[in-house]
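Please read the structure below before turning to the comments.
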Amino acid sequence: MSLPPLREVIARHGLKASKALGQNFLLDEQLLDRIAAIPGDLTGQAVLEIGPGPGGLTRALLRAGARVTAIEMDRRCLPALAELGQAFPGRLRVIEGDALALDHDEVMGEPYAVVANLPYNVGTALLVRWLSGERWPPKWTSLTLMFQLEVAQRIVAPAGADAYGRLAVLAQWRSHAKMALKVHRSAFTPPPKVMSAVIHITPAAMPEGVSARTLERVTEAAFGQRRKMLRQSVKGLPGALDALDALGIDPTRRAETLSVEEFVAVARALS
Ligand code: SAM
């Protein structure tokens with residue numbers, strides 16, 4: 001299938017990148033194909049793409065055989081995406097709207113892989129939402145998301161690392177999260193100030209006897225004062241000091257030294 005170069009699509013549709021919408025486009029088709037390969041074989045799979053923009057990642061997903069639903073809030077991009085849809089008949093559905101305001105499970109109606117290159121604030125808000133759902137395993141089968149490198153490091157950080165915190169525990173207590181690909185800032189048009197990385201997350205078994213909400217309360221308290229000892233940071237949480245004692249966790253430790261499993265054990269004791 002021969003498609004016009006992305007630069008030509010952008011020029012023809014007047015898609016000057018908007019700062020307000022956090023637009024940094026990827027135009028390197030080889031890189032886009034590599035990103036689309038991260039979720040594994042997509043032949044016939046339903047994929048939710050958020051923020052397709054001029055459609056670089058979208059075309060890579062379509063080339064990989066996916067059936068794509070793309071949510072884009074910049075209506076300037078819609079004619080370019082409609083053209084792409086014509087090149088892959090019946091395989092691309094475009095929804096104009098704000099992904100933060102939509103129920104993705106309802107939009108998709110079947111299990112789906114998520115793939116997105118989003119502005120940092122929108123990406124993080126959606127990630128927290130996807131990871132915090134009551135329903136587990138979730139309807140999404142994997143998340144393949146571009147973040148600025150510093151945020152990607154916070155998602156995959158092991159206990160003890162500087163970047164380890166609430167986001168790492170949230171991403172790891174019932175999911176596998178890994179750094180899939182680092183992306184140089186020069187790969188984007190226009191280039192952002194910082195480096196980026198694609199992370200890949202798949203759901204894992206949910207530990208028994210723990211609610212997402214309770215775990216969140218524990219990490220919120222513990223990392224809210226991350227430089228303090230646990231006996232100080234969690235003392236406002238009823239039962240938390242007793243739980244540390246019962247679990248044999250030294251209350252003079254700091255939050256960043258607790259493993260994900262230890263956080264889960266504390267939350268279980270409080271549940
Ligand atoms: N995926 C394209 C690429 O890789 O070249 C575009 C990436 S650009 C960083 C982010 C895209 O997300 C933009 O097209 C922007 O309009 C869109 N976007 C930003 N916030 C959004 C939201 N809340 N809902 C849907 N799309 C959004």
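Read in my numbering, the sequence shown has 71 at position 71, and its numbers run on one by one without any break. Ideal Cβ positions, reconstructed from N, Cα and C, are used throughout, including at glycine.
- Rounded to the nearest angstrom, the gap between the Cα atoms of A240 and A255 is 13 Å.
- The beta carbon of P207 sits closer than 6 Å to those of V264, all from its chain and outside the five residues before and after it, given in chain order.
- A70 places its beta carbon 9 Å or farther from that of H13.
- Only buried fits E72, as 16 or more other CB atoms lie within 10 angstroms of its CB.
- Relative to T141, the option among Q45, A159 and A87 whose CA is nearest is Q45.
- Judged by DSSP in its simplified three-state form, S175 adopts strand.
- Within the same chain, Cβ atoms closer than 6 Å to the Cβ of L42 are found at A64, G65 and A66, the five residues on either side in sequence being excluded.
- With a 10 Å radius around the Cβ and a threshold of 16 neighbouring Cβ atoms, H104 comes out buried.
- Excluding residues up to 5 positions away in sequence, G165, S233, R254, A255 and E256 lie with their Cβ nearer than 8 Å to the Cβ of R226 in the same chain.
- Taking a C-beta distance under 9 Å as the contact criterion, L6 and G55 qualify as a contact pair.
- Secondary-structure assignment with DSSP links N121 through no beta bridge to anything.
- Within the chosen limit of 8 Å, the ligand SAM does not reach the beta carbon of F147 with any heavy atom.
- Taking a 10 Å sphere around the C-beta of T219, we find 16 or more other C-beta atoms and assign the residue as buried.
- Nearest to L84 by alpha-carbon distance, out of L100, A101 and R59, is R59.
- For S18, the Cβ falls inside the 8 Å cut-off from some heavy atom of the ligand SAM.
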